[in-house]
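J.:
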Amino acid sequence: MDTKSLEDAIRNSGHIVCLLGRHVAADCGCLDYRLVDTAYAIETKYGYSPEEIFSASFYNTRMKTFFDFYHNEILSKLGEPDACIHALKKMEDDGKLFSVVTRSVYGIPGRAGMRHVLELHGSVYQNRCPHCHTEYDVEFMKNADGIPLCTKCGQPVRPQITLAGEMIRNQLVTDAANEISQADTLLVLGCTMDSMLAQGCIKYFDGNRIILINEEENYSDNIADMIYHVKPRDILPNVYR
Ligand SMILES: [Zn+2]
């Protein structure tokens, strides 16, 4: 594989924005419930598909099952930043990478100390009582038995993540569009170019090159200018040290 051209492209970029896809979160050890086997196991265990459970209507009508799933499957597999994330952190520290845009809710870049992260679907690390607005950390949610209840007013504490059927906050979309429109290089990691993340973002890009690093091949790959079919963690740390 020609890694020299990737190394050169990154070195010659002055303003990189990274789209961080779901496969990177999975590489870090987070639950990827869109994998067929995982989705099947969840549906067998809970009686509903993960897509059904992760919806606003399900949250509102079957809250106990939602939190059983959330507690046992999501919060128990939050993973750790891998070599890919640490390479991105170095890029940010060096002033090359200006922001990360992601739909993942596991807070992985932030846990590596990255500062400019736009989490379009929120984060499991932010939790709030919708009634009195008291904030709770992820440890509170992990330690809750059943539905986590606000210690001040007794209402269910809501993870600040976007569920199916809910809108992404407008300001986040505007911020992401602004960031992407200023980039000279768009680094797309761990997702296809026809993923919701890439589709929602590339229309704002007006820079020089799109670099795609994603293990699986896809018909949409050729939207990118440079393509590497490998896990991001198996190439990025080698070309950016
Ligand atoms: Zn409250």
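Convert by adding 171 to the 1-based position in the sequence shown; the result is the number in the numbering used here. Heads up, the beta-carbon is just placed ideally off N, CA and C, and yes, glycines get one too. It should be emphasised that the depicted structure is a prediction, and the values quoted were computed from it without experimental measurement.
To the nearest angstrom, how far is the alpha carbon of residue 337 from that of residue 402?
T.: The alpha-carbon atoms of residue 337 and residue 402 are separated by roughly 31 Å.
J.: What span of residues does the beta strand (DSSP E) with residue 367 cover, start to end?
T.: Segment 367–372 is the alpha helix (DSSP H) holding residue 367; no beta strand (DSSP E) there.
J.: For residue 263, count neighbouring Cβ atoms within 10 angstroms of its own Cβ and tell me buried if that reaches 16, exposed if not.
T.: By the neighbour-count rule (16 or more Cβ atoms within 10 Å), residue 263 is buried.
J.: Measuring CA to CA, which of 394, 343, 354 is closest to residue 363?
T.: Checked all of 394, 343, 354; the closest Cα to residue 363 is 394.
J.: Looking at the unbroken alpha helix (DSSP H) that takes in residue 298, where does it start and where does it end?
T.: Premise fails: residue 298 lies in the beta strand (DSSP E), 293–299, not in any alpha helix (DSSP H).
J.: What are the boundary residues of the beta strand (DSSP E) that residue 331 is part of?
T.: It spans 329–332 - the beta strand (DSSP E) in which residue 331 sits, taken as one unbroken run.
J.: Hey, residue 268 and residue 187: beta-carbon distance below 8 Å or not?
T.: Contact flag set, yes.
J.: Evaluate the contact criterion for the region 189–204 versus the region 349–367: three or more CB pairs, one atom per stretch, below 8 Å.
T.: At 8 Å Cβ cutoff, the stretches touch.
J.: Below 8 Å, how does it come out for the region 230–239 and the region 249–257: are there three or more Cβ pairs, yes or no?
T.: Result no; under three Cβ-Cβ pairs closer than 8 Å.
J.: Alpha carbon to alpha carbon, how far is residue 265 from residue 356?
T.: Going from the Cα of residue 265 to the Cα of residue 356 covers about 15 Å.
J.: Taking 7 Å as the cut-off, is the beta-carbon of residue 297 closer than that to any non-hydrogen atom of ligand 1?
T.: Answer for residue 297: no, Cβ out of range of ligand 1.
J.: Which residues in the same chain as residue 278 place their Cβ atom closer than 7 Å to its Cβ, once the five residues preceding and following it in sequence are excluded?
T.: Only 294, 295, 296 meet the Cβ criterion.
J.: So what does DSSP say about residue 259, is it helix, strand or coil?
T.: Three-state result, residue 259: helix.
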